[in-house]
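Novice: After the structure tokens below, expect a handful of questions from me.
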Amino acid sequence: MDSEEDLDGEEEEIKDNEHNVTNTILNDENISDFRNNLFFNDGCDKELTDYRMEHSGSNKISNKKNVIVKKNTKTIEESDKKSDSREYLSFLLTDTEGIVFEVLQKEVEKLGYIKTLNEYKSHTFWTGIYSYVKNLTEKSSIDVLPYWDAVLSLVLNCLDDLIKYDHPLGLTISFFNALLFENIDVKFLMKISEMCEKCYHMQIQFQGKFYLDTINFLLETTLDNSKVLKSYIRRVWDIKSILQKINLDSPFCSTLVKRLIKIPKSQIYLSCKDGQSIISFLFGSLDINLIGPLHNSVKDFLPTAKRNQAAIYGEIYFYAWNQANSQFRKEFEDICLQDLMKHIFTFPRKSFEMNRLGQNVFELLKFLHNSRKHAHFSKILTGLYKPLLWRYLRSGNNAERCNACEVFFDVYPLETPGKGRAAEMEFQEKQFNEMIDLLSDDCQIVRVISIKGVCSKLASCWKTFPPEIIRSLIRKIVQDLANDGSSVDVRKTVYKGLSILLKNPDALNYLKRILPQIDQNIHDVNEKVRYSFVQMLITLKELQSPVLKFHEVVSVKHLLARLQHEKKFVGEALVELLIDNVIYQDKRKTVITISKMILVNPMAARNFFKFSKNSLKFNSAYDVISSVLMSLRSSMKIQIQGNNSMSQEESAEPARKKQKCLKENLVEKNVDNNDENEKISQEQDTNYNHPMITYGFIEIVTVLWYLHCKELLRKENEEKLRLLFEITAGTVPFLMKCYKIQDNRSIHLAVITLASMVPLNKLSPTSTIGSACISQLKSISEATSSDELAVFINALCAWNRVGEIIDLVINCFDKAFSTEGLNQSAIPTKNYKKRTVKFNHVEVKPILALRILDLMFSKEVNQINLMKRSYDHLYELVSYLPRVKVLAENRINCGAPLENSSLSDEFIIKCLYRYYKMMIFLSYSSSKSESDKTISASVEMIGIMDWANRIILPYLPCCLEDEPGICEQMSKCVLRSVRHLISGNIGIDNQFLMKTINFMRHILSFGCSLWFVEESFCLLKFMMEHIEAFFEEVDTKTLLKTSIPLIIDDIFVCISHGNYSQQEISKYIKSLKEVKLVIREILQFLKIYEDKSVLQQVLRSLLTSCITVNSMNIRELQIVETGVLLNGLPFLSFFLLKILMSLQNLTNIWLTALNNEIRSSFSKDAFMLLSSVSLFYTLSLHSVKFPKDLLIFIHQTLQEVIDSFKDEDLCDSICDDVSVNTAVSRMNIKELADPILAKIFET
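So that you can map any letter, position 949 of the sequence shown is 949 in full-length UniProt numbering, and since no number is skipped, the others follow by simple counting.
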């Protein structure tokens, strides 16, 4: 083409005037015009050509050249490879002229043309490019980054042309390298770095810090960016050899060294293999002087590292040692490995584990211990551990011995290769003897670790232990440690260790003679030990070894005896152990096995299925239920037929009985649909008529039905549930006929419980069991047990016959209330209906009715049924019960128990409480009921609090008595009921809370207020939870800020009325633990509240209460006690201070509050001031727990206040307390306090 000839002709001219060529750039006008066309796209070719034609004068570009560019760009579009080159060709074709443009034009026409240029042409071209790039930096009005990026792309494609540094292309590369630390786009900088890395791989030499800057940049990018790509780490690994060519001692490398030291604690480096390899390289191959700083970097990160990261360090350390030369290895062993080994023995422990740092160091060392297949490394570890391990194994410090024991068993066996067989045997013998000694250590934790270690090592390398050592170790574990009465953990660990040991076939063969000797240990007094023993048996069962079966270790009789008394924790493990020996594919065999288990131990059989939820799946449980019921029905049928045949010999069966038998046979025919069950029902040779078996079967069916009731109610199991209903409906009549209540009460009650699982309409055609329950309920007495009563009530609730129970209760109340003129006839209610159910006894105790109501609401399933189906009946009862308020008024006005003994004080209190609770329950139910009879518990409760204010509270005693009277008990009932209402959040608003607070404050203002402290705290807890839930409301914040501190202050004032001992306060506050938790929760909640003034008010009240109680000692004893530990303070002061000291995040706040109270509230009260001094002395004895500067500040405040104390203030204090004698009036506060403050200062 003509363009090539033109280039040849102009060669000499360019050579003579190179300066003009190399400085040729596009003028500002063209640059601004082309900034919006950074890259060619499919539709820009024509616009670009038109633009060049319009500006052909200024750019000296001919139309012919434009045509060529257009033609060649079309060629580029047809080639993917050519399309890739557009990124850099587009700019340079428009922004240069002369020789540079000519070469680029050829490049467009034929990709790779630049690489064909001779040395002179290439030199000229790249000189122009370098000038172009360099001059772009002077153009402040344009964004040069796209132009640089275009040139950089061109350079990356032409790096093969670079022969030596002084080539102009090298100048361009150096220019870009100098940009690495500029504040520009990271992607562009990474592209520059890629160019520099490519130069390094091509072994191109550059002067200055070219490659130092490259590695520095990559390290900076990967260390400072948490989202860095792992491919960048790979790039660092690829050029790591740069580091070996750099003098790291040079001042220019100080920044690089700092970055290298950061690498070991970089999480991105730790998370990928390349990063781990880099760290190993730094440790083992770079610079021996870096090993120490790198190891310190690892130590800095280990306290916060995860365990898997600590294990990675172990891998890094091993590979670093493995790739290092002898000089590096020696330094690495001394600085790194020996340092870790020294520290591992001295880390503190939390019971059975080291602290977090210790655990991480141990994880690191574990990898090294597991890498001892390398013989030389094994020898090195032995040499490093020898001077340390045995010294710490005999340390007088328990924690150090525990750590050494843990390390010893992890590193075992220590080996001494190359020392000869005799030396090796002697060294092994030393380790065996150490194991025996450790099993006898005085520290229980050492014994626990030793048991785990011995069993683990025996399991993994049994054949390496001599027989006599095995006998000694096993004897020690099984005979001594399994019966270690001093430690539960030791006994528990024995069976865990044996579970590991059983997995070794040789060990199993050895233990088959030993384990049966410890069968009685399954009855250990500790539950956790028994669980470990059962888990050992489960392990033995899972091995399925013919050598030893679990029932050969412990007999089934012992296992059932244990199951009889176990709770869920161990019970579930026993079920898992026995399940395969009870439940079979053959249903008949399963039923026979269950019957045998019932005969051996009926309670164990019941518990077996009670704890079977996890081991017995639903389908298997259904099969057991249906099979047992069918077997039971068949057995009962045979028994009845036998009885009938005996009766037929005496007289003919009446026609009515024949019809009933036909009806029963019809039900049986409808039930027997399942082929398998039919087979069971036809078995004539199996008799389950034994009462114990019958009772056990019914219990098992009921238990399984309850366990799997949710699965039975699922839609996919509708057919199974229907079949169970039919089978049960066909079985219950036979059972009721065979076992009447007068003959066998327990079986009869079990049958009723079973029948309650079935809807009454399915039982009605063949049984009148519902009426029988009502009849039994009518005959109850005080002697009737709650369990028996619950059976009837639960069944009637399940059958929706609550109305009859309510009639029964109201009838009972009516007879008792009639003596006070409060029966139904005296105060008729709406929708009154005639009562049809009456008690049979003449003497009626209404307390029985309360028992019935309590049992009705005792089970959650009953509550659900009552809520859904019996709202109107409950509403009727709640409408009746307000009579008890009148009864309570009569009792208060009377001043003594009522003449009718049935209306005792106990009955009145319980009836009031039941009325309040039913009202709350009904209020909740009304929101889910379609009835038009609704009730608002919050409104009703406000009315009850008003009633209590008018009727009860005026009769509260002014002083504290040993036993609460009826008014105190009724007041507590109201508080407890309000608590239930707030906890359910039923219609609660701030107005109700305000009413409650006023009621509480009124109660706490009486002299007997200590009776109400516990209930007030519990109520306050639920109020705070409500406030927290609705915290964003303005009224709620106002309530928290204004009213809550007042009620809390009232409670603390009430506590500080007397100096009570723990035994005395326990009469009034039954659960001090609950009160402690409530106070903690309140303080923690107020801590996060933005307005800290509320928290400060509460803390001031608490501290004032503490100091007030302590001041009572000074008033009483006439001395200021010093040197008293915390538990030596008056009990309430100790109790409250203990709570504060347990909240470490509040320490600064309450100490500041104490300082403020001393300065403001106590400064004019001699006794409170002396009490503060005494209390502060006690706190100073625990000064480790408090900030030193705050203690000094409080000390200064006390000194200032005491120095400024005046005699008239003392007189005022004495006048306020008439109990103080004249000796106290002559006390000199300063003389008493100064010596104590001096002692505090010394402390």
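Here a beta-carbon is modelled for each residue, glycine too, at the ideal position from N, C-alpha and C.
Owing to the predicted nature of the structure, the values given are computational and were not obtained by experimental measurement.
Short of 6 Å in beta carbon distance, which residues of its chain neighbour Cys455, apart from the five on each side in sequence? Order them along the chain.
Specialist: Excluding residues within five positions, the ones whose Cβ falls inside 6 Å are Gly497, Ile500, Leu501.
Novice: So which of Cys959, Asn998, Glu963, Leu960 has the shortest CA-CA distance to Val978?
Specialist: That would be Asn998, whose Cα lies nearest to the Cα of Val978.
Novice: Tell me Met354's beta-bridge partners as DSSP assigns them.
Specialist: Answer is Arg349.
Novice: Is Trp799 helix, strand or coil when you go by DSSP?
Specialist: In this structure, Trp799 counts as coil in the three-state DSSP scheme.
Novice: Should Asp675 be labelled buried (16 or more other beta-carbon atoms within 10 Å of its own) or exposed?
Specialist: Its pLDDT being 45, under 50, Asp675 is placed unreliably in this model, and the value from its coordinates should be taken loosely. By the 10 Å Cβ count, Asp675 comes out exposed.
Novice: Taking 8 Å as the threshold, find out whether the stretch 263-275 comes into contact with the stretch 203-223 through three or more Cβ pairs.
Specialist: In short, these stretches touch, since the Cβ pair count reaches three.
Novice: Taking 8 Å as the cut-off, does the stretch 313-323 touch the stretch 271-284 (at least 3 CB pairs, one atom from each stretch)?
Specialist: Yes, the stretch 271-284 touches the stretch 313-323.
Novice: Applying the 10 Å Cβ sphere with the 16-neighbour rule, what's the burial state of Glu182?
Specialist: The residue is exposed, with fewer than 16 neighbouring Cβ atoms inside 10 Å.
Novice: Go through its chain and collect everything with a Cβ distance to Ile470's Cβ below 8 Å, but skip five positions before and after it.
Specialist: Closer than 8 Å at Cβ, skipping near neighbours: Leu458, Trp462, Tyr510.
Novice: Could you check the C-alpha separation between Lys430 and Phe550 for me, to the nearest Å?
Specialist: For Lys430 and Phe550, the distance between alpha carbons rounds to 36 Å.
Novice: Any contact between the stretch 800-812 and the stretch 868-877? By contact I mean 3 or more CB pairs, one from each, below 8 Å.
Specialist: The stretch 800-812, when compared against the stretch 868-877, does touch it at the 8 Å Cβ threshold.
Novice: Which class does Glu542 belong to by DSSP, given the choice of helix, strand or coil?
Specialist: In the structure shown, Glu542 sits in a helix (DSSP, three-state: H, G or I).
Novice: Check Asp1165 in the structure and name its three-state DSSP category.
Specialist: DSSP places Asp1165 in coil when its eight states are reduced to three.
Novice: Would you call Met1000 buried or exposed, if buried means 16 or more other Cβ atoms sit within 10 Å of its Cβ?
Specialist: Under this definition Met1000 is a buried residue.
Novice: For the alpha helix (DSSP H) containing residue 1251, list its first residue and its last residue.
Specialist: Residue 1251 cannot be examined here, being either before or after the span of the chain that is shown, 1 to 1243.
Novice: Closest by CA to Val446, which one among Leu364, Ser351, Ala150?
Specialist: If we check each option's Cα against that of Val446, Ser351 comes out closest.
Novice: Where does Asp1050 land, buried or exposed, given buried means 16+ other C-beta within 10 angstroms?
Specialist: It is buried - the Cβ of Asp1050 has at least 16 other Cβ atoms within 10 Å.
Novice: For Asp50, does the count of other Cβ atoms within 10 angstroms reach 16, so buried, or fall short, so exposed?
Specialist: Because Asp50 carries a pLDDT of 38, less than 50, the predicted location of this residue cannot be relied on, and no value is offered for it.
Novice: Whole angstroms are fine: how far does the CA of Ile625 sit from the CA of Ser970?
Specialist: It should be noted that the sequence gives Met, not Ser, for residue 970. If you take the alpha carbons of Met970 and Ile625, they lie about 49 Å apart.
Novice: Any idea if Asp1212 is buried or exposed, counting beta-carbon neighbours within 10 angstroms, 16 or more meaning buried?
Specialist: Confidence is the limiting factor: at Asp1212 the pLDDT is only 49, short of 50, which leaves the residue's position unreliable and the question unanswerable from this model.
Novice: Looking at C-alpha atoms only, which residue of Ala310, Ala772, Ile988 is the closest neighbour of Gln742?
Specialist: The option with the nearest alpha carbon to Gln742 is Ala772.
Novice: For a test of the three-state rule: what should DSSP assign to Lys379, helix, strand or coil?
Specialist: Lys379: helix per DSSP, three-state reduction.
Novice: Go ahead and pull the three-state DSSP assignment for Asn1113.
Specialist: Asn1113 falls in the helix class under three-state DSSP.
Novice: I need the boundaries of the alpha helix (DSSP H) containing Glu1074, first residue and last residue.
Specialist: Where Glu1074 is concerned, the enclosing alpha helix (DSSP H) stretches over 1072-1088.
Novice: Mind reading off the beta-carbon distance from Leu180 to Asp149? Whole number of angstroms is fine, and I expect it under 8 Å.
Specialist: That belief does not hold up - the Cβ atoms of Leu180 and Asp149 are roughly 15 Å apart, past 8 Å.
Novice: At which residue ranges does the stretch 896-981 contain complete alpha helix (DSSP H) runs of 4 or more residues, listed in the order of the chain?
Specialist: Within the stretch 896-981, the complete alpha helix (DSSP H) runs of at least 4 residues are 905-926, 937-951.
Novice: Which of the three DSSP states is assigned to Asn689 in this structure?
Specialist: If DSSP states are grouped into helix, strand and coil, Asn689 belongs with coil.
Novice: Here's the rule I'm using: 16 or more other beta-carbon atoms within 10 Å means buried, otherwise exposed. How should Ile1044 be labelled?
Specialist: With 16 or more Cβ atoms within 10 Å of its Cβ, Ile1044 is classed as buried.
Novice: Touching or not, the stretch 756-763 and the stretch 809-820, by the rule of three or more beta carbon pairs under 8 Å?
Specialist: The stretch 756-763 vs the stretch 809-820: no contact.
Novice: Extract the residue ranges of the alpha helix (DSSP H) inside the stretch 730-812, only unbroken runs of 4 or more that lie entirely within it.
Specialist: Runs found: 745-755, 760-763, 769-778, 786-798.
Novice: Should Asn601 be labelled buried (16 or more other beta-carbon atoms within 10 Å of its own) or exposed?
Specialist: Classification for Asn601: buried.
Novice: Considering only their Cβ atoms, is the gap separating Phe347 from Asn360 smaller than 7 Å?
Specialist: Contact: no.
Novice: So what does DSSP say about Asp185, is it helix, strand or coil?
Specialist: Asp185 falls in the coil class under three-state DSSP.
Novice: Compute the Euclidean distance between the alpha carbons of Phe734 and Ser627, then round it to the nearest angstrom.
Specialist: Going by the C-alpha atoms only, they are around 16 Å apart.
Novice: Tell whether a beta-carbon distance below 7 Å holds between Ala1233 and Ile1194.
Specialist: No, Cβ-Cβ distance for Ala1233 and Ile1194 is not below 7 Å.
Novice: If the criterion is Cβ atoms closer than 7 Å, does the pair Arg891 and Leu850 meet it?
Specialist: Against a cut-off of 7 Å, the Cβ pair of Leu850 and Arg891 comes out as no contact.
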